[in-house]
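Numbering-wise (our numbering), the sequence shown opens with residue 183 and increments by one. Here a beta-carbon is modelled for each residue, glycine too, at the ideal position from N, C-alpha and C. Below you'll find the structure, written out as structure tokens, and then a few comments.
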Amino acid sequence: MELSGTEKAFAALQNLTLYTETYGCTYNTGDTEKIIEIAKANGCRIVNSPFDADAVLINTCIVIEKTEAHMYERLTMYEKKKLFITGCLPPVAEARLRSQFPKAYIINPDDIHPCYRAVGTASVGTQAVLQIARGCSGHCTYCITRLARGKLHSFPLDDIVKQAKAFIAAGATELQ
183 MELSGTEKAF AALQNLTLYT ETYGCTYNTG DTEKIIEIAK ANGCRIVNSP FDADAVLINT
243 CIVIEKTEAH MYERLTMYEK KKLFITGCLP PVAEARLRSQ FPKAYIINPD DIHPCYRAVG
303 TASVGTQAVL QIARGCSGHC TYCITRLARG KLHSFPLDDI VKQAKAFIAA GATELQ
């Protein structure tokens, strides 16, 4: 059985120093936190500077054209590193990403949650992002988020409660 692109990306997150940048909404912040936990479970160490990192994860936002252009600038800055790309850009521009950054690992945001379940919640600090839904119900003419994330879909209540309890057990005092 061949691994998906996301599974290959997570398999490549082995024993690296990883720097992350997250753009956009709280949902992206939650996804980055999940990827960090997966990376830590794979022996990665998270660093605060791209200069100290073997690999860089960019969680992208493309809510408007100007933001999308900024994402490509950031990706270009780090293309010589082991580059991991997730967020709203891959679902709408995967072909361009693969062409422009052929060595980059593309992480489909829809695949993060299932991979994270296998790892669970490690340490979250005092704040944690509790994702209760994904997608968008709006029809803004200037925004591409709905194309990237799909229609609004709420997670099952039991899953939300279980995740909230896990965050609290891990030390979170604030759920966002």
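- Top-ranked residue by Cα proximity to Pro284, from Lys263, Ile228, Ile294: For the set Lys263, Ile228, Ile294, the Cα lying nearest the Cα of Pro284 is the one of Lys263.
- Can you name, in chain order, every residue of its own chain whose Cβ lies under 7 angstroms from the Cβ of Leu334, other than the five neighbours on each side? These residues qualify, in order along the chain: Ala315, Gly317, Cys318, Ser319.
- From this set, Lys190, Thr188, Cys243, Gln309, which residue's C-alpha is nearest Leu329's C-alpha? Minimum Cα-Cα distance from Leu329 among the listed residues Lys190, Thr188, Cys243, Gln309 corresponds to Cys243.
- Message: Just to confirm the assignment, what range does the alpha helix (DSSP H) spanning Phe192 have?
- Response: Here the alpha helix (DSSP H) through Phe192 covers 187–194.
- Would you check if the distance between the CB atom of Val311 and the CB atom of Phe266 is smaller than 8 angstroms? Not in contact: Val311 and Phe266 (Cβ atoms no closer than 8 angstroms).
- Exposed or buried, Pro338, counting other C-beta atoms within 10 Å across all chains shown (16 or more means buried)? If you draw a 10 Å sphere on the C-beta of Pro338, you find fewer than 16 other C-beta atoms in it, and that means exposed.
- Task: Output the boundary residues of the beta strand (DSSP E) element that contains Ile240.
- Result: Segment 237–242, the beta strand (DSSP E) holding Ile240.
- Per DSSP, what kind of secondary structure is Thr199 in: helix, strand or coil? If DSSP states are grouped into helix, strand and coil, Thr199 belongs with the strands.
- For the putative contact between Ile228 and Leu195, defined by C-beta atoms under 8 angstroms, what is the C-beta separation to the nearest angstrom? Not a contact, Cβ separation roughly 11 angstroms.
- Ordered list of beta strand (DSSP E) runs contained in the stretch 249–275, each at least 3 residues: If one requires a minimum length of 3 residues, the beta strand (DSSP E) runs lying completely within the stretch 249–275 are 264–269, in chain order.
- Query: Should Gly206 go down as buried or exposed, given a rule of 16 or more other Cβ atoms within 10 Å for buried?
  - Reply: It counts as buried.
- Item | Proximity below 8 angstroms, CB of Asp293 to CB of Thr188 | Yes.
- Task: Leaving aside the five residues before and after Asn290 along the sequence, list all residues of the same chain whose C-beta is less than 8 angstroms from its C-beta, in chain order.
- Result: Hits under 8 angstroms: Ser186, Gly187, Thr188, Thr268, Pro272, Pro273.
- Item | Exposed unless 16 or more other CB atoms sit within 10 angstroms - verdict on Thr258 | By the 10 Å Cβ count, Thr258 comes out exposed.
- Using a threshold of 8 angstroms, state whether the C-beta atoms of Asn230 and Asn210 are closer than that. Not in contact: Asn230 and Asn210 (Cβ atoms no closer than 8 angstroms).
- Query: Exposed or buried, what is Asp340 when buried is set at 16 or more other beta-carbons lying within 10 Å of its beta-carbon?
  - Reply: An exposed status is given to Asp340, since fewer than 16 other beta-carbon atoms sit within 10 Å of its beta-carbon.
- Could you tell me the distance, in whole angstroms, from the CA atom of Ala191 to the CA atom of Thr323? Answer to the nearest angstrom: the Cα atoms are 33 angstroms apart.
- Query: Does DSSP classify Asp341 as helix, strand or coil?
  - Reply: DSSP places Asp341 in the helix class (H, G or I) of the three-state scheme.
- Gly353 versus Gln309: straight-line alpha-carbon distance, rounded: One C-alpha to the other measures close to 8 angstroms.
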